[in-house]
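Residues are numbered in the numbering used here as their position in the sequence shown, beginning at 1, plus a constant of 33. For each residue, glycine too, the CB sits at the ideal point set by N, CA and C. Report on the structure given below.
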Amino acid sequence: MKKLLFDLFPVIVFFIAYMLGNANADAANAILANVGLPQPTGTVNKPGIYLATMVAIVASFAQVGWVKLRGQKVETLLWVSLGIIVVFGGATLLLHDAKFIMWKPTILYWLTAAFLLVAQLLGRNPTKSLMSAQQIEAPNTVWNWLNVSWIGFFSFLGVANLYVAQNFPEETWVKFKLFGVMGLMFTFMIGQGLFLAKYLDKTEPEKEEKP
34 MKKLLFDLFP VIVFFIAYML GNANADAANA ILANVGLPQP TGTVNKPGIY
84 LATMVAIVAS FAQVGWVKLR GQKVETLLWV SLGIIVVFGG ATLLLHDAKF
134 IMWKPTILYW LTAAFLLVAQ LLGRNPTKSL MSAQQIEAPN TVWNWLNVSW
184 IGFFSFLGVA NLYVAQNFPE ETWVKFKLFG VMGLMFTFMI GQGLFLAKYL
234 DKTEPEKEEK P
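This is the structure in structure tokens:
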């Protein structure tokens with residue numbers, strides 16, 4: 034749970050900054066004007082998407098800094114996520130086009146799916162490696178199926194993100210980015226947990242001594 038909240042930290046602050054930015058447009062425009070970024074012509078009536086993007090970039094750097102400060106290794110996926118938010122978030126801020134930041138989750142989800150697929154083709158199973166600490170003993174066919182299911186899930190998330198971004202209002206996409214994706218993630222993980230329950234390494238309870 035802690036790791037999931039840590040991974041969602043930039044998404045959570047993105048949502049908060051977006052809502053506050055749109056609710057306080059004058060203050061948000063003033064902040065954006067003071068950070069040295071090119072400004073669009075005129076005042077942006079709903080600058081929340083730009084404020085949220087800037088905050089999410091800072092939050093992503095803070096994530097990496099926190100991990101390094103604790104002397105831990107920064108996971109490859111975290112570096113990739115940082116790179117994507119800098120590129121696509123930067124394009125949104127410099128070109129004043131929200132479609133770049135809206136594409137960012139899809140790129141991340143599809144890169145994750147591609148990583149899982151390539152790893153499996155090379156004879157590795159990241160899903161098995163991540164769950165090995167949970168004392169789960171399952172056949173390789175089960176682990177391979179689980180890895181494939183994660184590939185399909187992240188591929189689906191990428192498509193779903195694009196569909197919502199292109200067919201619904203911006204605010205709906207922002208809410209889906211947090212609540213929708215988090216709900217789908219929890220549902221998927223619960224389903225996998227129920228499936229793997231029978232493979233848990235259960236130690237036999239000690240027999241009670243007869244009086």
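- Contiguous beta strand (DSSP E) elements confined to the stretch 90-129 do not occur, taking only those with 3 or more residues.
- CA-to-CA, the gap between Q153 and Y83 works out to about 38 Å.
- Within 10 angstroms of the beta-carbon of K137 lie 16 or more other beta-carbons, which makes it buried.
- Rounded to the nearest whole angstrom, the C-alpha separation of M52 and K208 is 10 Å.
- If only uninterrupted alpha helix (DSSP H) runs of at least 4 residues are considered, those enclosed by the stretch 207-236 are 214-229.
- If you look at G185, you'll find it in the alpha helix (DSSP H) that goes N173 to N200.
- F133 is positioned such that its CB atom lies closer than 8 Å to that of F121.
- Membership of P138 in the alpha helix (DSSP H) is indicated by the continuous run K132 to L154.
- In the DSSP annotation of this structure, the continuous segment of the alpha helix (DSSP H) that includes L65 starts and ends at A58 to A66.
- Secondary structure at N158: coil, using DSSP grouped into helix, strand and coil.
- The residue from W178, L144 and A66 with its alpha-carbon nearest to that of G116 is L144.
- Apart from the 5 residues on each side of it in sequence, T109 has no Cβ closer than 6 Å to any other Cβ in its chain.
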